[in-house]
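Chemist: Below: one structure in structure tokens.
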Amino acid sequence: MSMHAPPVPPLAATAPTTSDVPTMDVDPFSDEVLVDPLPFHEALRETGPLVLLERYGIYGMGRYEEVHAALVDWQGFQSAAGVGLSNFRRETPWRPPSLLLETDPPHHDAPRHVLEPILAPRSLRRLRERWAAAAETFVDELLEREEVDAVRDIAETFPLRVFPDAVGLPQEGRQHLLPYGDHLFNAFGPDNHLVEKGKARIGAIAASVDAQCRRDVLSPDGFGAQIWAAADRGDITHAQAPTIVRSLLSAGVDTTVHALGGVLQGFLRFPDQWQVLRAQPSRARVAFDEAIRWESPVQTFFRTATRDIAVAGGVVPEGEKILMFLGSANHDPRRWHDPDRFDLDRDPSGHVGFGMGIHQCVGQHVARLEAESLLHALARRVERIEPAGEPRRHLNNTMRAWASMPVRLVAA
Ligand code: OVM
Numbered sequence: 019m020s021m022h023a024p025p026v027p028p029l030a031a032t033a034p035t036t037s038d039v040p041t042m043d044v045d046p047f048s049d050e051v052l053v054d055p056l057p058f059h060e061a062l063r064e065t066g067p068l069v070l071l072e073r074y075g076i077y078g079m080g081r082y083e084e085v086h087a088a089l090v091d092w093q094g095f096q097s098a099a100g101v102g103l104s105n106f107r108r109e110t111p112w113r114p115p116s117l118l119l120e121t122d123p124p125h126h127d128a129p130r131h132v133l134e135p136i137l138a139p140r141s142l143r144r145l146r147e148r149w150a151a152a153a154e155t156f157v158d159e160l161l162e163r164e165e166v167d168a169v170r171d172i173a174e175t176f177p178l179r180v181f182p183d184a185v186g187l188p189q190e191g192r193q194h195l196l197p198y199g200d201h202l203f204n205a206f207g208p209d210n211h212l213v214e215k216g217k218a219r220i221g222a223i224a225a226s227v228d229a230q231c232r233r234d235v236l237s238p239d240g241f242g243a244q245i246w247a248a249a250d251r252g253d254i255t256h257a258q259a260p261t262i263v264r265s266l267l268s269a270g271v272d273t274t275v276h277a278l279g280g281v282l283q284g285f286l287r288f289p290d291q292w293q294v295l296r297a298q299p300s301r302a303r304v305a306f307d308e309a310i311r312w313e314s315p316v317q318t319f320f321r322t323a324t325r326d327i328a329v330a331g332g333v334v335p336e337g338e339k340i341l342m343f344l345g346s347a348n349h350d351p352r353r354w355h356d357p358d359r360f361d362l363d364r365d366p367s368g369h370v371g372f373g374m375g376i377h378q379c380v381g382q383h384v385a386r387l388e389a390e391s392l393l394h395a396l397a398r399r400v401e402r403i404e405p406a407g408e409p410r411r412h413l414n415n416t417m418r419a420w421a422s423m424p425v426r427l428v429a430a
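So my numbering is basically just the index in the sequence shown, starting at one, shifted up by 18.
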């Protein structure tokens with residue numbers, strides 16, 4: 019360098035920097051956090067509105083305001099680079115990307131517009147009576163037994179009785195739906211032991227799920243056939259149809275199962291709330307939405323920054339991954355009074371358990387109808403739900419779930 023060269027300007031003054039973003043070195047996908055994420059969520063919210071999670075070199079947000087803002091900003095926070103840790107700009111996805119979840123406008127729009135009316139409340143009216151009757155029969159059977167497992171015998175069994183029929187799936191291969199979803203939701207996280215344990219079987223399981231999306235195996239009256247009919251109309255291509263059916267099988271089974279596990283756990287932990295529901299079974303819907311807030315069965319999703327984005331004094335650099343902690347936002351005391359309480363008297367609307375914005379859960383009305391049918395039947399026939407053993411968590415990188423929940427149902 020010549021003696022008269024101007025001094026080099028201080029780099030930090032002009033270059034993008036992460037120095038004002040606080041860091042955490044906790045692994046949010048460790049067993050310890052997955053077993054009980056609430057203490058980590060509180061630490062995350064208290065550390066700041068935007069945090070650098072050093073372990074994975076990703077950004078995280080756990081407060082309601084910023085999570086909500088990121089969810090509705092699809093231009094700044096994209097989904098097409100994947101909504102898991104894996105960055106599809108650099109890594110090959112483990113399965114062909116979802117045409118709904120893992121896309122941005124304009125590609126997102128046609129699949130979304132096709133699926134929306136198929137799963138809209140008015141289209142589901144034809145299922146109401148059928149599912150109410152199915153729930154009555156189901157509760158009859160449950161009440162014949164002294165003790166049941168609220169996960170295996172209720173939360174898993176009821177959705178699997180009604181949902182695959184509504185899609186129009188063949189009988190063959192239905193046993194693969196839950197393991198498929200479990201691996202899919204694990205695979206949104208890092209390649210840890212939870213992903214590792216699924217790898218041996220996922221090839222055969224995914225092949226079975228894909229086979230259930232073919233037109234020739236679907237019944238003529240279900241959601242699946244309606245997706246294929248949209249391809250005949252030209253609203254989507256025939257090549258897109260099976261991948262859109264796959265979204266129903268990916269997002270529509272484990273999510274609902276674990277949401278029902280969550281609502282039943284809510285009533286076990288807060289037995290007074292069961293009496294509130296029994297006095298007014300029409301509150302089944304709000305009970306379910308409160309459980310989606312309280313349990314947040316889908317805990318996290320990622321986005322990728324499409325440019326440098328300022329978030330509350332920090333910057334998420336272009337191309338970087340941001341992890342949105344939906345469960346943390348749903349327990350943010352800045353937004354919710356007494357957030358850890360499962361409370362039918364609160365208004366849970368505005369929770370981000372179904373997401374928010376253009377990707378908000380398109381199947382939420384289906385989930386609500388399943389839950390409402392079941393809870394309504396239970397509320398009228400069951401006086402008390404008592405614990406009959408310690409519940410056990412099922413660990414998943416994305417879902418908050420129960421493996422087992424022994425209960426005694428005391429008939430009214
Ligand atoms: C999909 C899909 C998969 C998993 C979750 C989800 C919560 C969607 O394949 O479209 O939404």
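Note that the Cβ used here is the ideal one computed from N, Cα and C, for glycine as well. Treat the numbers as computed from the prediction; the structure is a model and nothing was measured.
HIS276 by DSSP, collapsed to three states: which one?
Modeler: In this structure, HIS276 counts as helix in the three-state DSSP scheme.
Chemist: If distances are taken between C-alpha atoms only, which option among ALA87, TYR74, SER116 comes closest to ALA99?
Modeler: The option with the nearest alpha carbon to ALA99 is SER116.
Chemist: Among ARG359, PRO366, PRO289, which has the Cα closest to the Cα of VAL425?
Modeler: For VAL425, the nearest C-alpha among the options comes from PRO289.
Chemist: What do you reckon, is the C-beta of SER116 under 6 Å from a heavy atom of the ligand OVM?
Modeler: Yes.
Chemist: Grouping DSSP H, G and I as helix and E and B as strand, with all else coil, what is THR175?
Modeler: THR175 falls in the helix class under three-state DSSP.
Chemist: Can you tell me whether DSSP reads ALA61 as helix, strand or coil?
Modeler: Helix.
Chemist: Using CA atoms only, rank isn't needed, just tell me which of VAL53, PRO46, ALA269, TRP149 is closest to ALA61.
Modeler: Comparing Cα positions, the closest option is PRO46.
Chemist: Is VAL166 helix, strand or coil by DSSP?
Modeler: Here VAL166 sits in strand by DSSP.
Chemist: In whole angstroms, give me the CA-to-CA distance for LEU118 and ALA243.
Modeler: Approximately 18 Å, taken between the alpha carbons.
Chemist: Determine, using beta carbons only, whether GLU50 comes closer than 7 Å to chain D.
Modeler: Judged by its chain identifiers, the structure shown contains no chain D, having just a single protein chain.
Chemist: From which residue to which residue does the beta strand (DSSP E) around HIS125 run?
Modeler: Segment: none, HIS125 is in no beta strand (DSSP E) and carries neither H nor E.
Chemist: Grouping DSSP H, G and I as helix and E and B as strand, with all else coil, what is GLU336?
Modeler: In the structure shown, GLU336 sits in coil (DSSP, three-state: anything other than H, G, I, E or B).
Chemist: With respect to the beta strand (DSSP E) encompassing HIS412, which residues constitute its N-terminal and C-terminal limits?
Modeler: Residues 410-413.
Chemist: Excluding five sequence neighbours on each side, which residues of the same chain lie with their C-beta closer than 8 Å to the C-beta of TYR82?
Modeler: So the qualifying residues of the chain are ALA347, ASN348, ASP350, ARG352, ARG353, TRP354, VAL370.
Chemist: With a cut-off of 8 Å on the beta carbons, I'd call THR416 and GLN317 a contact; round off their distance for me.
Modeler: So it is a contact: roughly 6 Å between Cβ atoms.
Chemist: In three-state DSSP terms, what is PRO424?
Modeler: Here PRO424 sits in strand by DSSP.
Chemist: Could you check whether the Cβ of LEU387 sits closer than 6 Å to any heavy atom belonging to the ligand OVM?
Modeler: LEU387: no, Cβ never under 6 Å from the ligand OVM.
Chemist: If you count every other CB in all the chains shown that lies within 10 Å of the CB of PRO366, and 16 or more means buried, which is it?
Modeler: Its Cβ being crowded by 16 or more others within 10 Å, PRO366 is buried.
Chemist: Does the distance from the C-beta atom of HIS256 to that of ALA248 stay below 7 Å?
Modeler: Result no, Cβ atoms of HIS256 and ALA248 do not sit closer than 7 Å.
Chemist: For VAL334, I'd like the list of residues in its chain whose CB is within less than 6 Å of its CB, leaving aside the five on either flank, ordered along the chain.
Modeler: For VAL334, where only same-chain residues beyond five positions count, the Cβ hits under 6 Å are TYR77, ALA323, ILE327, ILE340.
Chemist: By DSSP, does ILE220 sit in helix, in strand, or in coil?
Modeler: Here ILE220 sits in helix by DSSP.
Chemist: Are there 16 or more other CB atoms within 10 angstroms of the CB of THR41, so buried, or fewer, so exposed?
Modeler: Exposed is the call here.
Chemist: Name, in chain order, the residues that DSSP records as bridge partners for PRO405.
Modeler: Its beta-bridge partners are VAL425.
Chemist: Rounding to the nearest angstrom, what Cα-Cα distance links SER97 and ALA406 in this structure?
Modeler: Cα to Cα, SER97 sits roughly 43 Å from ALA406.
Chemist: Work out the CA separation of HIS394 and SER300 for me, nearest whole Å.
Modeler: Straight-line Cα distance between these residues: approximately 7 Å.
Chemist: When DSSP labels each residue in this structure, what does TYR82 get in the three-state scheme?
Modeler: Helix, per DSSP.
Chemist: Keeping to the same chain, check which residues put their C-beta closer than 8 Å to that of LEU137; ignore five residues upstream and five downstream.
Modeler: Closer than 8 Å at Cβ, skipping near neighbours: PHE241, VAL380, GLY381, HIS383, VAL384.
Chemist: Which two residues bound the contiguous beta strand (DSSP E) that contains ILE327?
Modeler: Note, ILE327: beta strand (DSSP E), 327-329.
Chemist: Assess, as a yes-or-no matter, whether the region 218-226 is touched by the region 276-288 under the definition of 3 or more beta carbon pairs within less than 8 Å.
Modeler: Contact between the region 276-288 and the region 218-226 is absent, because fewer than three Cβ pairs lie under 8 Å.
Chemist: Between which residues of its own chain and SER268 is the CB-CB distance below 6 Å, once the five residues before and five after are set aside?
Modeler: Closer than 6 Å at Cβ, skipping near neighbours: LEU202.
Chemist: If we ignore side chains and look at the alpha-carbon of each, how far apart do VAL51 and PRO57 end up?
Modeler: Approximately 8 Å between the Cα atoms of the pair.
Chemist: With DSSP as the reference, identify every bridge partner of PHE95, one or two as the case may be.
Modeler: According to DSSP, which records beta bridges pairwise, PHE95 is partnered with ALA323.
Chemist: On a Cα-Cα basis, can you pick out the residue from ASP363, ARG398, VAL85, ASP49 that is closest to ALA330?
Modeler: Comparing Cα positions, the closest option is VAL85.
Chemist: Leaving out five residues on either side along the sequence, give the residues of the same chain with a beta carbon under 7 Å from the beta carbon of LEU427.
Modeler: Closer than 7 Å at the Cβ level, and outside the excluded window around LEU427, lie LEU160, LEU161, VAL166, VAL400, ILE403.
Chemist: Give me the residue from PRO315, PHE372, ALA430 with the minimum Cα distance to TRP420.
Modeler: Comparing Cα positions, the closest option is PRO315.
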